[in-house]
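**Student:**
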Amino acid sequence: MNKPIKGISRARLAVGVLAVAATVASGVGLAAVGVEAKTVKKIPIVKIAPPKTATGYYVTPGYRTPGYATPGYVTPGYNKPVYVTPGYTTPGYKTPGYSGMLPAVSLSALNAREKVAPATDATVSGIYTAARAMNANPTVNVDKGLTKVTPPATTYCVSGSLIKSVSGTAVFYCGHDGKRYLFPNAATYATWYNTYNGITGVSDLRLNSIAIGGIVTYRPGARLVKIATDSKIYAVARGGVLRLVPSDAVAKSIYGAAWKQKVDVVPDNIFTNYTIGLPISNR
Numbered sequence: 030m031n032k033p034i035k036g037i038s039r040a041r042l043a044v045g046v047l048a049v050a051a052t053v054a055s056g057v058g059l060a061a062v063g064v065e066a067k068t069v070k071k072i073p074i075v076k077i078a079p080p081k082t083a084t085g086y087y088v089t090p091g092y093r094t095p096g097y098a099t100p101g102y103v104t105p106g107y108n109k110p111v112y113v114t115p116g117y118t119t120p121g122y123k124t125p126g127y128s129g130m131l132p133a134v135s136l137s138a139l140n141a142r143e144k145v146a147p148a149t150d151a152t153v154s155g156i157y158t159a160a161r162a163m164n165a166n167p168t169v170n171v172d173k174g175l176t177k178v179t180p181p182a183t184t185y186c187v188s189g190s191l192i193k194s195v196s197g198t199a200v201f202y203c204g205h206d207g208k209r210y211l212f213p214n215a216a217t218y219a220t221w222y223n224t225y226n227g228i229t230g231v232s233d234l235r236l237n238s239i240a241i242g243g244i245v246t247y248r249p250g251a252r253l254v255k256i257a258t259d260s261k262i263y264a265v266a267r268g269g270v271l272r273l274v275p276s277d278a279v280a281k282s283i284y285g286a287a288w289k290q291k292v293d294v295v296p297d298n299i300f301t302n303y304t305i306g307l308p309i310s311n312r
C-alpha cells in the first residue's frame, strides 16, 4: 500500500504532478491546480541583437540577406572590401558579356615590362614601325608617363589593375599615380587587352574615392586611326601623339598589304584626347 506523506498518498502526489505538467503545457495558470501564482517568479526574455556599424548595418560573420549570398558586398555598413557573391569573382569579374578567358599577360609580367621600357618612344618623331611602338609602350602607365610619378601615400587601387563598379560597365585602368583612367570604348580597350578577365569589381563608394586621371588612348602600334569626317589616317605614338600616314606606300610598309583592315574610326569626342605630331616619313 502507498504510505501517506504528510497526509498525501504517493499516488495522489503523482497525479498532482502530472496535472501540473499538463496544465503548464496547456497554458492554464498554476493557481488552477492548487499552487499559488504569487510563488512563481516570471523570467523576462531578452533579445540580443547582433553588433551594428556606425551606419546601422549588421556585420556579424555569416550575415546573409536575399540577393547577397556572401558577406562581401561593399556599401556603407558592410565590412568587406570586395564583392564576391557567386557569379562574380575577384580577380576576374564575370558577368554577361565577359567570357572569363584567362588574361594573356599577368599583372606582374606587365609590371616587369614597365621597368625595362625605354624612357622615350623613338617612334614619336623618328622612323615608325608597329613593333617598335608597341614594345616601347607595354602598359598605360608607360604610355602616359606615370612610371616617373611618385605614387601617393594612400591609394585605393593597385597600379596596373583594371577596375569597374559592381553597378556599372565602365572599365578603368589604375595608374601609378593612384588615379583611374577610363577606357572610352571597347575598341580602345582591345588595343591593350585581349580578354575581359582580370577586371576587379569594386563598390561605388570605393570607385568614387579614386580620382579620375584622364582617358586611355590607343596603344601605340596596335591600330591606325581616323575620324569619320576626315580622310587622313594616323599612326599612334606614346602619349596619344598621332602621326600622319602620308601615303598608301607608307601604310603598307608599316602594316602590310592588308593595312586598311587595321584602320579604326575614332568618334570625334574621343579624338580630342589625342594630339597631332610629326608626319611619318620612314626614310
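The opening position of the sequence shown corresponds to residue 30 in our numbering, with each subsequent residue numbered one higher.
Each residue gets a CB set at the ideal place from its N, CA and C atoms; glycine is no exception.
As the structure is a prediction and not an experimental result, all values here were calculated from the model.
1. Over what stretch of residues does the alpha helix (DSSP H) that includes Leu136 continue unbroken?
2. Hey, out of Ser137, Tyr225, Thr152, whose CA is closest to Val187's CA?
3. For Gly204 versus Gly242, is the C-beta distance shorter than 8 Å?
4. Indicate the three-state DSSP secondary structure (helix, strand or coil) for Val178 in the structure shown.
5. What residues in its chain sit with their C-beta under 6 Å from that of Pro249, if we drop five residues either side in the sequence?
6. Kindly identify the DSSP beta-bridge partner or partners of Val243.
7. I need the straight-line Cα distance from Ile256 to Val270, nearest angstrom please.
8. Go through its chain and collect everything with a Cβ distance to Pro147's Cβ below 7 Å, but skip five positions before and after it.
9. In whole angstroms, what separates the C-alpha of Thr183 from that of Ile239?
10. Can you tell me which of the three DSSP states Thr217 falls into?
11. Can you tell me the Cα-Cα spacing of Trp288 and Asp277, whole angstroms?
12. Using CA coordinates, which residue listed in Asn223, Asn226, Val200 is at the minimum distance from Asp233?
13. Let me check understanding here. Comparing Cα to Cα, which of Gly230, Gly207, Val294 lies closest to Lys177?
14. Which residues in the same chain have their Cβ closer than 8 Å to the Cβ of Pro180, if we skip the five residues on either side of it in sequence?
15. Could you give the first and the last residue of the continuous beta strand (DSSP E) run that contains Arg272?
16. If Ile305 and Ala280 are in contact, beta carbons under 8 Å, what's the gap, nearest whole angstrom?
17. Quick check on Ser276 - is its C-beta less than 8 Å from some C-beta in chain C?
18. Span of the beta strand (DSSP E) holding Ser154?
19. Keeping to the same chain, check which residues put their C-beta closer than 8 Å to that of Asn214; ignore five residues upstream and five downstream.
**Tutor:** Quick answer:
1. 136-145
2. Ser137
3. yes
4. coil
5. Ala162, Asn166, Val265, Ala266, Arg267
6. Before going further, note that residue 243 is Gly rather than Val in the sequence given. Partner(s): Tyr210.
7. 15 Å
8. Ala165
9. 10 Å
10. helix
11. 9 Å
12. Val200
13. Gly207
14. Ser188, His205, Asp206, Gly207
15. 270-273
16. The Cβ separation is near 17 Å, so there is no contact.
17. Of the chains in the structure shown, none is chain C; there is only one protein chain.
18. Run containing Ser154: none; DSSP gives neither H nor E here.
19. Pro296, Ile299
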